[in-house]
Amino acid sequence: MPSIDDIATTFESATRTLSLAGRTVLPVDTNPVPAAWDHVTKIDPEEDKKLPLLFPLYLQHTGALEVGGSKDVTGQNTEETLELVAGRPRPAIQEPSGVRQVTERTREQADYFAVPQVLNGDTEAIVGTLGSGIEYLREELGPSYLEDKLPIPLGDGLERRIVSLFSAWTLQEAVFEAYIIMNLDSAAAREASVTEDDLLSPRAAKQRAMVAETVLESEIVYLEYSGTFGGEEAEAILEDVSEALSWSRLWYGGGLDSRENVQAVLEAGADAVVVGNVFHEIADEEAELCADAVEELSPDATRSDVEDWVSTAIDVEESSAAEYLSTIPSLSNPTARAREYLVATIEATLAFEELAGALEGEVTTADELQTALDDRELPGEVELDSVLDGGPESFPRELVFGLLVDRLDIDADRLPVEHISVA
Ligand SMILES: CC(C)=CCC/C(C)=C/CC/C(C)=C/CC/C(C)=C/COP(=O)(O)OP(=O)(O)O
Ligand SMILES: O=P(O)(O)OC[C@@H](O)CO
Numbered sequence: 001m002p003s004i005d006d007i008a009t010t011f012e013s014a015t016r017t018l019s020l021a022g023r024t025v026l027p028v029d030t031n032p033v034p035a036a037w038d039h040v041t042k043i044d045p046e047e048d049k050k051l052p053l054l055f056p057l058y059l060q061h062t063g064a065l066e067v068g069g070s071k072d073v074t075g076q077n078t079e080e081t082l083e084l085v086a087g088r089p090r091p092a093i094q095e096p097s098g099v100r101q102v103t104e105r106t107r108e109q110a111d112y113f114a115v116p117q118v119l120n121g122d123t124e125a126i127v128g129t130l131g132s133g134i135e136y137l138r139e140e141l142g143p144s145y146l147e148d149k150l151p152i153p154l155g156d157g158l159e160r161r162i163v164s165l166f167s168a169w170t171l172q173e174a175v176f177e178a179y180i181i182m183n184l185d186s187a188a189a190r191e192a193s194v195t196e197d198d199l200l201s202p203r204a205a206k207q208r209a210m211v212a213e214t215v216l217e218s219e220i221v222y223l224e225y226s227g228t229f230g231g232e233e234a235e236a237i238l239e240d241v242s243e244a245l246s247w248s249r250l251w252y253g254g255g256l257d258s259r260e261n262v263q264a265v266l267e268a269g270a271d272a273v274v275v276g277n278v279f280h281e282i283a284d285e286e287a288e289l290c291a292d293a294v295e296e297l298s299p300d301a302t303r304s305d306v307e308d309w310v311s312t313a314i315d316v317e318e319s320s321a322a323e324y325l326s327t328i329p330s331l332s333n334p335t336a337r338a339r340e341y342l343v344a345t346i347e348a349t350l351a352f353e354e355l356a357g358a359l360e361g362e363v364t365t366a367d368e369l370q371t372a373l374d375d376r377e378l379p380g381e382v383e384l385d386s387v388l389d390g391g392p393e394s395f396p397r398e399l400v401f402g403l404l405v406d407r408l409d410i411d412a413d414r415l416p417v418e419h420i421s422v423a
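Just so you know, we're using full-length UniProt numbering here: the sequence shown kicks off at 1 and counts up by one.
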């Protein structure tokens, strides 16, 4: 009679064979990273990188929101950013660059967990940090998660096995991003100790991508030029790497800000583009624009007044809003959308200023503020509700409440609005 170990071994071997067939010969796509994502927006939780006020308007057109960065990222600012953006309106991926950015809360908030592994960096960036991450899952996050969830203690042995299952499951559920970092002048290159000697030719990049797909089983191979556009060099790498991959998705990120540079990397073989800086630049741009609008426009300016003002205040075609929207392959007429979203943002700001002015000195507690907002149409509410499909909680209400709590210096729990441009 076969032992339980024999049965388990046979089962494991059959599962592996099926998984291998799914990756190679069967006409099915078993990669958990949706092929439909051809555009991903990378959102950095660090303090200096802000979100546009009506960010869901912009994010409705992207495939997924990837939350992470290489500098000044913490568990707390990651939780805050995920609290704001996850599901608004697209799924969120947490991409940690350090172990302690992962918390119980971020695991609950994010729909996907993406672990970077750098194919051309130092050992720390391929196995070192990952090793401390697994240790952290087993020895800290797992036990504290279990303590929160278990109604009664189960005894040391069983608890240890459940914790080990928790960390194995977390990694099983994770998607791995095999990075090839090619811009030496980026935080990502510094983080992963990528030097001149580590830069790869297209052929070497292709060979490492093959290791990622077949041995490391990385769901994503990520050509990273963070902060700069890789141009022809990147295209040559994408051409070679894309020929070699059949299961892993090939992502390109770095310096994208126009339809042309997006088309170039997609045509060279990228499955998806990742856009970071230019999204945050929308927030900086609108903060200035809104400050000017508050100075120059009357609070009861009509939409057509605002549209006219926008036409004189900014060259919309050259704006960061239009640049970001132009990176979304499926979106037609990005300039017209940018104009529409900028106008909506200014209208919302003018209405917010008027509301804040009316409530100043009138309300001093959270309850009073809540009552004052009930049954009133709030700035940005119509636009945001049309994108967010209602849902049980009203995001525009929470947003305006949070911004007013800050403005009126009220003591109350609120959304982490400090990540929003105009706060
Ligand atoms: C398993 C657990 C709990 C955690 C995983 C912890 C790991 C393995 C983190 C990976 C650390 C690592 C290899 C970082 C490399 C740097 C990197 C690729 C960062 C991502 O780039 P961006 O942050 O988007 O780049 P910029 O900041 O330059 O824009
Ligand atoms: O910020 P940018 O240059 O758009 O790069 C996006 C992303 O690849 C960074 O990890």
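C-beta atoms are modelled at their ideal positions from N, C-alpha and C, and glycine is treated no differently.
Span of the alpha helix (DSSP H) around residue i
i: residue 206; result: 202 to 211
i: residue 92; result: Where residue 92 is concerned, there is no enclosing alpha helix (DSSP H), although the beta strand (DSSP E) it sits in stretches over 92 to 94.
i: residue 142; result: 142 to 149
i: residue 357; result: 334 to 359
i: residue 325; result: 320 to 326
i: residue 191; result: 187 to 191
i: residue 57; result: 55 to 59
i: residue 386; result: 381 to 388
i: residue 303; result: 303 to 313
i: residue 396; result: 395 to 407
i: residue 261; result: 259 to 267
i: residue 105; result: 104 to 109
i: residue 331; result: Per DSSP, residue 331 belongs to no alpha helix (DSSP H) and is neither H nor E.
i: residue 134; result: 129 to 136
i: residue 183; result: Segment: none, residue 183 is in no alpha helix (DSSP H) and carries neither H nor E.
Buried versus exposed call for residue i [16 or more other C-beta atoms within 10 Å across all chains shown]
i: residue 271; result: buried
i: residue 327; result: buried
i: residue 208; result: buried
i: residue 106; result: buried
i: residue 364; result: exposed
i: residue 337; result: buried
i: residue 402; result: buried
i: residue 198; result: buried
i: residue 169; result: exposed
i: residue 117; result: buried
i: residue 166; result: buried
i: residue 131; result: exposed
i: residue 50; result: buried
i: residue 230; result: buried
i: residue 396; result: buried
i: residue 140; result: exposed
i: residue 25; result: exposed
i: residue 157; result: exposed
Start and end residues, beta strand (DSSP E) containing residue i
i: residue 67; result: 64 to 67
i: residue 41; result: 39 to 43
Beta-bridge pairing of residue i - partner residues as DSSP gives them
i: residue 250; result: 221
i: residue 177; result: 116 and 220
i: residue 272; result: 251
i: residue 51; result: 420
heavy atom of ligand 3 below 7 Å from residue i C-beta
i: residue 220; result: Ligand 3 is absent from the structure shown, which contains only ligand 1 and ligand 2.
CA nearest to the CA of residue i, picked from the options
i: residue 387; options: 26, 56 and 51; result: 56
i: residue 148; options: 104, 188 and 384; result: 104
i: residue 241; options: 397, 267 and 228; result: 267
i: residue 299; options: 256, 331, 251 and 353; result: 353
i: residue 251; options: 315, 102, 239 and 258; result: 239
i: residue 213; options: 398, 20 and 409; result: 20
i: residue 414; options: 389, 263, 370 and 384; result: 370
i: residue 73; options: 357, 234, 45 and 410; result: 45
i: residue 315; options: 335, 52 and 277; result: 335
i: residue 109; options: 99, 134 and 80; result: 80
i: residue 294; options: 372, 346, 115 and 190; result: 346
Do three or more CB pairs link the segment 286 to 295 to the segment 330 to 346 at distances below 8 Å? The segment 286 to 295 is in contact with the segment 330 to 346.
Three or more C-beta pairs below 8 Å linking the segment 61 to 78 and the segment 36 to 48: yes
Below 8 Å, can you find three or more Cβ-Cβ pairs linking the segment 410 to 419 to the segment 75 to 93? Judged by Cβ distances under 8 Å, the segment 410 to 419 makes contact with the segment 75 to 93, as three or more pairs qualify.
Between the segment 205 to 219 and the segment 138 to 145, do at least 3 Cβ pairs fall closer than 8 Å? no
Flag this pair as touching only if the segment 242 to 262 and the segment 291 to 310 have three or more C-beta atom pairs under 8 Å; answer yes or no. no
May I ask you to verify whether the segment 219 to 229 touches the segment 122 to 130, counting CB pairs closer than 8 Å and requiring at least 3? no
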